[in-house]
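*Asks:* Got a structure here, written out as structure tokens. Questions coming.
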Amino acid sequence: MSLVLSKILPLFVYPLGLTTILSIVALVSLWRRKGRPSKTSILSLIAAIAILFLSSSQHFSDLLVRSIEQQNIPQGELPVVEAIVVLGGGTKPMIPPRRWVEVAEAGDRILYGAKLFRDRKAPVLIVSGGRAEWLGEGGQAESLDMAEIAEAMGVPASAIVQDSTSLNTYENAVNVRQILQKNGWKRILLVTSAVHMPRALAIFQKLGIDSIAAPTDFISVNSTNDKGVGGMLVDLLPNAYALKNTTDAIKEYIGIFYYKLKGWA
């Protein structure tokens, strides 16, 4: 139940959810006053429009995303460690009409993890992630999907260790710690999306795991092109992609606050 609540309750403070609630408040106020606008309805609509417009702005989205993504950028070469840990959240199960497992937007996680293995950064690749059926399409544990992708990229099955039961970042860390302790491994490269890295790294380190951040799946990058006035104006206009990125960043800030409240990070 706590897992369900932790996934559902934040929806009401994300930009789209908050905008919906404010719009409902405005409509109820208008209905109660038989269509005559009130201070409540006017302020609710103004707030809803402002939140939606700001959250959908590319400039605002980039600013918020970078405040998280740039916290753990490696300086120089990543060291050789005892294991590479890849967190789930980036694959889609093989369910018809799919003919094989597929990578989602965060699929860079397993791709980068497999590349680090091929770069000889560690002799072991640990893939961590189960699959909560009520959250999606069902299918096998995500660790199995990631293992299939890693093998397709040249990682031998004998070098892959799976955690197939974790359903959130805290469980990832707890289960991975058990794997590390069982095998006597100490130092790891932690691979996850850059926007997810601050929360994940804090949890792993809180559990005493010697973790080095290896972020991937960056949303916001340092552009080398001059957009000009036209491009800058376009970035001010609302767009769905910026809204999604803003929501992802807010999700991580809420997650960090919640995990610290629980004493997990």
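Residues in the sequence shown are numbered consecutively from 331, following our numbering. The beta carbon of each residue, even a glycine, is placed where N, CA and C say it ideally should be.
Going by beta carbon distance, what residues of the same chain come within less than 7 Å of L394, once the five residues before and after it are set aside?
*Replies:* T576, A579, listed in sequence order.
*Asks:* Within the same chain, show all residues whose beta-carbon is closer than 6 Å to that of D565, passing over the 5 residues directly before and after it, in chain order.
*Replies:* These residues qualify, in order along the chain: Q388, H389.
*Asks:* Looking only at its own chain, which residues have a Cβ that is under 6 Å from the Cβ of S374, when we skip the five neighbours before and after it?
*Replies:* So the qualifying residues of the chain are L352, V355, A356.
*Asks:* Applying the criterion that 16 or more other CB atoms from any shown protein chain within 10 Å of the CB defines a buried residue, is K451 buried or exposed?
*Replies:* Buried, by the Cβ-count rule.
*Asks:* Check I549 in the structure and name its three-state DSSP category.
*Replies:* Note: I549 maps to coil in three-state DSSP.
*Asks:* What is the DSSP secondary structure of A436, counted as helix, strand or coil?
*Replies:* Three-state result, A436: helix.
*Asks:* Output the distance between the C-alpha atoms of S391 and L567, rounded to the nearest integer angstrom.
*Replies:* Answer to the nearest angstrom: the Cα atoms are 12 Å apart.
*Asks:* Could you spell out the range, first to last residue, of the beta strand (DSSP E) harbouring A413?
*Replies:* Looking at the DSSP string, the run of the beta strand (DSSP E) that includes A413 is 413 to 417.
*Asks:* What first and last residue would you give for the alpha helix (DSSP H) that runs through Q388?
*Replies:* Run containing Q388: 388 to 399, per the alpha helix (DSSP H) assignment.
*Asks:* Please say whether R507 and Y589 have beta carbons closer to each other than 8 Å?
*Replies:* Contact: no.
*Asks:* Buried or exposed, going by whether 16 or more other CB atoms sit within 10 Å of the CB of N502?
*Replies:* Buried is the call here.
*Asks:* Is it the case that the Cβ atoms of S488 and A471 are separated by a distance below 8 Å?
*Replies:* No. Outside cutoff.
*Asks:* Buried or exposed, going by whether 16 or more other CB atoms sit within 10 Å of the CB of I403?
*Replies:* The residue in question, I403, is exposed, as its Cβ has fewer than 16 Cβ neighbours within 10 Å.
*Asks:* For L519, list the residues DSSP reports as bridge partners.
*Replies:* L519 pairs with I414, I542.
*Asks:* Is it buried or exposed, V343, if we count other Cβ atoms within 10 angstroms and call 16 or more buried?
*Replies:* Under this definition V343 is an exposed residue.
*Asks:* Compute the Euclidean distance between the alpha carbons of M331 and S473, then round it to the nearest angstrom.
*Replies:* Its pLDDT being 46, under 50, M331 is placed unreliably in this model, and the value from its coordinates should be taken loosely. Straight-line Cα distance between these residues: approximately 23 Å.
*Asks:* Just verifying my parser: in three-state terms, what is the DSSP assignment at D449?
*Replies:* Coil at D449, not helix or strand.
*Asks:* Kindly indicate which three-state DSSP category V491 falls into: helix, strand or coil?
*Replies:* Reduced to three states, the DSSP call for V491 is strand.
*Asks:* Using C-beta distances below 8 Å, list every residue in its chain close to Y583, excluding the 5 sequence neighbours before and after it, in chain order.
*Replies:* Cβ within range, chain order: I398.
*Asks:* Between the C-alpha atoms of A378 and I456, what's the straight-line distance to the nearest angstrom?
*Replies:* If I take the Cα positions, the gap works out to 44 Å.
*Asks:* Looking only at its chain, what residues have a beta carbon closer than 6 Å to the beta carbon of G585, apart from the 5 residues adjacent to it on each side?
*Replies:* R529, listed in sequence order.
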